[in-house]
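Mind the numbering: the sequence shown is residues 1 to 295 in full-length UniProt numbering, read in order.
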Amino acid sequence: MTDTDHKLRMRLREESDEMLFANMELSEQTKQRIREQAAIETDGQAELKMETKKEEMRMEKKIGSKARMPMGLPTEKEGIRVEKQTGLPSENSGMRMEKQMSKSGRRSLAPRSWRLGAAVVAVAILIGSGYALVQNQNQSQNQTVADPGGQPSASQPSGGTGAASGSELSSLVTTPLSSAEDAKAAFGEGLRLPAAAPEGFELTEMVAVGEAGQPARDIVLTYTAGDKTLTFSASRMTAAFPTDLFTPVQVGDADGFVFEQPELVELYWTVDGVQYSIIGPVSADSALQIAGSIQ
């Protein structure tokens, strides 16, 4: 091997090392083992070429002038023919072996590159999946802290007249009443009640709703007629309703609003800070008559 060939091979090996290790995170020990392996393969090729040249020289001595090769390098076909005649390898055989080794080296490098790429992709997928999992866990924890138990945080309507928050509802107590006097005693001054049950209905329930030890917030009277139910209520809280869907009416000296449907009527009016309502399957005129009878 000439000095120029040696320098070229060393240069090729250095460039190959740089390309191989450019994007790989390997330890110095691993890199050194790879370099040593590459050097062994390179030295093996050089030794093989030297052995080939020696065999050619011995072949020329044996076959004499009859089998002597021309001064120029023989073609590949001539080299094969000489090998068949003499049974000895020619210079072309060494070149063919070197080409085959070069091709095999490239083939062996391709699978390594493919495996390296597959490993990089797998690591990227694992990192992405782990990040997404951590994000999902953090979001779940934040939701649990912000809204424990999955319960709604908004205020809930109490039903009937007005609205109250969950904490207010939990402190309300419903107390059954037996007479109008009990209702007025529970509610306090200013309560007005119907003088008699609506026509065709009878009083089936009377209750006071409020906090324990405090005047009642609501007084609710329930009248029934078969499967029909009519409710009269008096409340310190103002019920919210869409006034644009209601018709203004006059209830005594108070302004009221009525909404009438074929099977249901709603009537609201306020007197001395207490809101009264009548809701049930009666006509608007009947509801106004009931409202006019309160005292």
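Glycine included, C-beta positions come from ideal geometry on N, C-alpha and C.
Quantities reported herein were computed from a predicted structural model and do not represent experimental measurements.
Per-residue DSSP class, three states only, for residue i
| i | result |
| --- | --- |
| residue 246 | coil |
| residue 240 | coil |
| residue 284 | helix |
| residue 60 | helix |
| residue 210 | strand |
| residue 14 | helix |
| residue 30 | helix |
| residue 279 | strand |
| residue 230 | strand |
| residue 197 | coil |
| residue 5 | helix |
| residue 255 | strand |
| residue 189 | coil |
| residue 48 | helix |
| residue 263 | coil |
| residue 225 | strand |
| residue 179 | coil |
| residue 292 | helix |
Beta-carbon contacts of residue i that lie in its chain and below 7 Å, excluding the five residues immediately before and after
| i | result |
| --- | --- |
| residue 224 | 201, 202 and 204 |
| residue 248 | 255 and 257 |
| residue 214 | none |
Cβ separation of residue i and residue j, assumed to be a contact under 8 Å, to the nearest whole Å
| i | j | result |
| --- | --- | --- |
| residue 239 | residue 275 | 6 Å |
| residue 177 | residue 186 | 6 Å |
| residue 291 | residue 251 | 5 Å |
Local Cβ density within 10 Å of residue i, reported as buried at 16 or more and exposed below that
| i | result |
| --- | --- |
| residue 10 | exposed |
| residue 8 | exposed |
| residue 195 | exposed |
| residue 212 | exposed |
| residue 218 | buried |
| residue 57 | exposed |
| residue 293 | exposed |
| residue 234 | buried |
| residue 226 | exposed |
| residue 188 | exposed |
| residue 264 | exposed |
| residue 288 | buried |
| residue 52 | buried |
| residue 183 | buried |
Nearest residue (CA-CA) to residue i, options the options
| i | options | result |
| --- | --- | --- |
| residue 269 | 237, 281 and 282 | 237 |
| residue 267 | 246, 252 and 273 | 246 |
| residue 6 | 32, 283, 47 and 250 | 47 |
| residue 2 | 49, 35 and 31 | 49 |
| residue 221 | 277, 250 and 253 | 277 |
| residue 175 | 31, 289, 208 and 228 | 208 |
| residue 244 | 253, 232 and 259 | 259 |
| residue 286 | 232, 241, 242 and 51 | 232 |
| residue 295 | 180, 242 and 15 | 180 |
| residue 39 | 242, 16, 253 and 210 | 16 |
| residue 206 | 215, 193 and 214 | 193 |
Beta-carbon contacts of residue i that lie in its chain and below 8 Å, excluding the five residues immediately before and after
| i | result |
| --- | --- |
| residue 272 | 190 |
| residue 230 | 198, 201, 222, 223, 224, 278, 279, 280, 281 and 282 |
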